[in-house]
Every structure is written in C-alpha cells, then in structure tokens.
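In this note's numbering, the protein residues as written are 456 to 825.
Before any comments, here is the structure.
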Ligand SMILES: [Zn+2]
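Take a look at the structure:
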C-alpha cells in the first residue's frame, strides 16, 4: 500500500460522514408537521369521505348531526356520503311515491338476532295484529334540511345515494310493478334477485322523478346512483330486460337524468363495466381489483370497510393511490345496530384513515428529497 492511500481513505471516510450528515439533515427537513401533512393530504385528495349506510339500520337525525358530522369534520374529511336506499329499507321521503316510505321504510324488528337479509319481513297489518315490533324510519324533507345544514356548517359536502337498479327490494315492496313480470315473488328478492325491471318505461320515469326529488332535497350535491352488485342474471328471464342494449340504454338514461339537472354523477365502480358512458361519472371504487381513474374515489374493501374488523385493522397501513380524486371509508350497518357500535367504528376508522393519509404524504415528501 502506498503512503498516500491511508490519507485518501481518511478523506473518503470524512466525505462519507459529511454526506450522511447531509442526508440526515434532509430527512429531518422533510418530516412534515401534522398541519403540513394535513395540507398536503387535502391537496392530494380533494374529496375525503365517510359513507354511512342508513338502510340496513336506520341512523337517527340526531346521531348524524350531533355525533357523526362533527367527527367527520374533526378528522379532516370534507364529504358525507349517505346511502339512503337499499333492499332492507328506503330512507328518504318522496312526495311523488309516498309508499316508498309508508311501506319501504318498515320491517319486522329482528334487531335481537344476528343480521339475516334472506329472512327480512316487511311490515304489514298482520304483523301489527300479532303484536310484533316494527323497525325502521325515514328522513322527512325537514330532517334532510337539518342534516344538510349541519353538514354545510361543518364544511362538508353531502352525497345522497339512491342505490339502483340492484339493492332495490324496498322500492319493489312498495311498488311491485317495478319488478320484472318474471320476478314478482318477494321471497326471491331477499335471496339475490333484488333488481328493478329496467326495460319498463314506468320504472325509468319513476327513477327520473326520484332523481329530481333528490336534487331538490340536496340542492348543492352530487347524486350517487348506486349500480353495485346488480344480479343481472335475474334479467335473463324477462323479455324486455334480456336485451343487452336495453341494459346499456337504462344506465345511460339514469346517468343522463342526473347530468341533465347539472349535477355530478357518482356510482359504484361496477357501472364502469356495463358499457354505459361513464366518462364524466365519479366511480366509487370498492372492489379490490377495481382500477380507479383520476376522477374516481378509492375505498377498497380490503382496507376501507369500517364495519369489517379485518379491513379496519389494515386501514392504518393503507397506501392509497395518489392519482385519484379522493379517498373514502365506508360504514355498512348490517352488524352496526346501535349508536355505540357505529360511533366506535367511526372513531377508530377516521383515526386510522388520517394516520394512513399522513404517512402516505410524509413518505412522498421524503422520496422527493432523495
Ligand atoms: Zn324486466
């Protein structure tokens, strides 16, 4: 070894130490404070939402206004997606179709047993005569105004959802003519054939009217039309709905009904594979293999389902896509019968979501300075 070599080595070692020092300083410099991280979260995902399902179990107005809305706002979210209709219950008042709530909002109370959709019984006078207990409820126009005003005061956008054409047993119970002529047995609706007759002009007229009513109830809101988990095989038996083109025409007509009123159209990601024109539709991507586009919302089942314990556990380590419009967590209420259970899941979920989003933007900031 020459005499200069040890000096060179020493110099190299000193340089390396200096570099490491610099690197350490850089790392310190990009550790965002919570406030900085939150600002970056807001810039990355312009829509940050919680979904509440008011159909499986009814969520009273007071709970939404006094408990849920403040929590959503406090955790840095800006959107409340309210799932207002589904097979087990219709939850918004319609002036044009009053049976939707008179019939569709009430069922026999089975809250003392584990959730069992296939054993749903809608409420009838016979149940009353037997002295059974009724379960359900709905939001009047006044209730909706109360919810809307509280949300707006907290800086939240409300996205009301009317879930069609699947998940529609409550509408079909109230107006059986909305079911295909080949699908008129309610017991089948609770066993996977919960879908509207979409080739019927009356069904489409009804949906268009209901979308108009929703737009009046929620004057500043995007409108979510559902379109998830549609049991399309049920349509194969119906002469009108069998036609694949009738299906595409239906979806395009419903999208058009919202668009025509100048509202943003939202739907679950399955609408993207129906052949309908979803170019300007915001897809809520819940299936784990769904690939959200720039305008879409990400809420994969694997991480964002607050009512599912495994999903809830994974949420703090969720690495959300950065290119999307927004992120969302969902509280479905099959097993969420009481306010205490719901608020516990929401508290944990919103905390975990914030943790995941902050970690994501901090990682991005660190990578940028490498
Ligand atoms: Zn049909």
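In this text, a Cβ means the ideal position worked out from N, Cα and C, and glycines have one as well.
For residue i, the first and last residue of its enclosing beta strand (DSSP E)
i	result
residue 534	534–538
residue 737	737–740
residue 627	Per DSSP, residue 627 belongs to no beta strand (DSSP E); it is in the alpha helix (DSSP H), 624–629.
residue 590	589–591
residue 783	781–786
residue 711	Per DSSP, residue 711 belongs to no beta strand (DSSP E); it is in the alpha helix (DSSP H), 699–714.
residue 493	Element bounds for residue 493: not the beta strand (DSSP E) but the alpha helix (DSSP H), 489–499.
residue 758	Where residue 758 is concerned, there is no enclosing beta strand (DSSP E), although the alpha helix (DSSP H) it sits in stretches over 756–759.
residue 612	612–619
residue 681	678–681
Rounded distance between the beta-carbons of residue j and residue i, thought under 8 Å
i	j	result
residue 649	residue 559	Wrong, their Cβ atoms sit about 13 Å apart, outside the cutoff.
residue 539	residue 615	5 Å
residue 801	residue 523	7 Å
residue 679	residue 643	Residue 679 to residue 643, Cβ: 26 Å. No contact.
residue 546	residue 501	Between residue 501 and residue 546 the Cβ distance is about 28 Å, and since that is not below 8 Å, they are no contact.
residue 677	residue 714	Going by Cβ atoms, the distance from residue 677 to residue 714 rounds to 11 Å, so no, they are not a contact pair.
residue 634	residue 651	7 Å
residue 668	residue 622	Residue 668 to residue 622, Cβ: 19 Å. No contact.
residue 572	residue 645	6 Å
residue 697	residue 653	Their Cβ separation, rounded to whole angstroms, is 11 Å, which puts residue 697 and residue 653 out of contact at 8 Å.
residue 532	residue 596	Their Cβ separation, rounded to whole angstroms, is 26 Å, which puts residue 532 and residue 596 out of contact at 8 Å.
residue 582	residue 805	Their Cβ separation, rounded to whole angstroms, is 38 Å, which puts residue 582 and residue 805 out of contact at 8 Å.
residue 521	residue 788	About 18 Å separates the two Cβ atoms, so there is no contact after all.
Cα-Cα separation, residue i to residue j
i	j	result
residue 716	residue 611	21 Å
residue 738	residue 812	20 Å
residue 603	residue 534	11 Å
residue 819	residue 527	25 Å
residue 544	residue 591	7 Å
residue 706	residue 740	18 Å
residue 600	residue 624	26 Å
residue 480	residue 498	In this predicted model, residue 480 has a pLDDT of only 49, less than 50, meaning its place in the structure is not dependable; the value taken from the coordinates is given anyway. About 26 Å.
residue 636	residue 773	45 Å
residue 784	residue 504	6 Å
residue 815	residue 506	22 Å
residue 808	residue 799	14 Å
residue 580	residue 655	30 Å
residue 748	residue 779	6 Å
residue 605	residue 750	27 Å
residue 681	residue 725	9 Å
residue 761	residue 786	5 Å
residue 482	residue 607	The pLDDT assigned to residue 482 is 49, lower than 50, so where the model puts this residue is not dependable; a value taken from the coordinates is nonetheless given after this. Near 39 Å, if we compare the C-alpha coordinates of residue 607 and residue 482.
residue 550	residue 770	41 Å
residue 451	residue 517	Residue 451 lies beyond the residue range present for the chain, which begins at 456 and ends at 825; the question has no answer from this structure.
residue 824	residue 688	53 Å
residue 712	residue 492	39 Å
residue 756	residue 488	30 Å
residue 422	residue 576	It is not possible to answer for residue 422, since the shown part of the chain is limited to 456 through 825.
residue 821	residue 766	27 Å
residue 666	residue 708	12 Å
residue 657	residue 496	45 Å
residue 695	residue 753	34 Å
residue 557	residue 733	34 Å
residue 515	residue 570	19 Å
residue 613	residue 768	27 Å
residue 745	residue 584	48 Å
residue 690	residue 578	27 Å
residue 486	residue 810	14 Å
residue 589	residue 564	5 Å
Residue span of the alpha helix (DSSP H) that contains residue i, given as start and end
i	result
residue 664	656–672
residue 721	Segment 720–723 is the beta strand (DSSP E) holding residue 721; no alpha helix (DSSP H) there.
residue 810	794–823
residue 598	596–608
residue 504	Where residue 504 is concerned, there is no enclosing alpha helix (DSSP H), although the beta strand (DSSP E) it sits in stretches over 502–508.
residue 583	580–584
residue 641	641–644
residue 764	764–769
Distance cut-off 8 Å: residue i Cβ against heavy atoms of ligand 3
i	result
residue 637	Looking for ligand 3 in the displayed structure turns up nothing; the ligands present are ligand 1.
Would you mind listing the beta strand (DSSP E) stretches within the region 520–564 that are 3+ residues and don't spill past its ends, in chain order? 534–538 and 561–563
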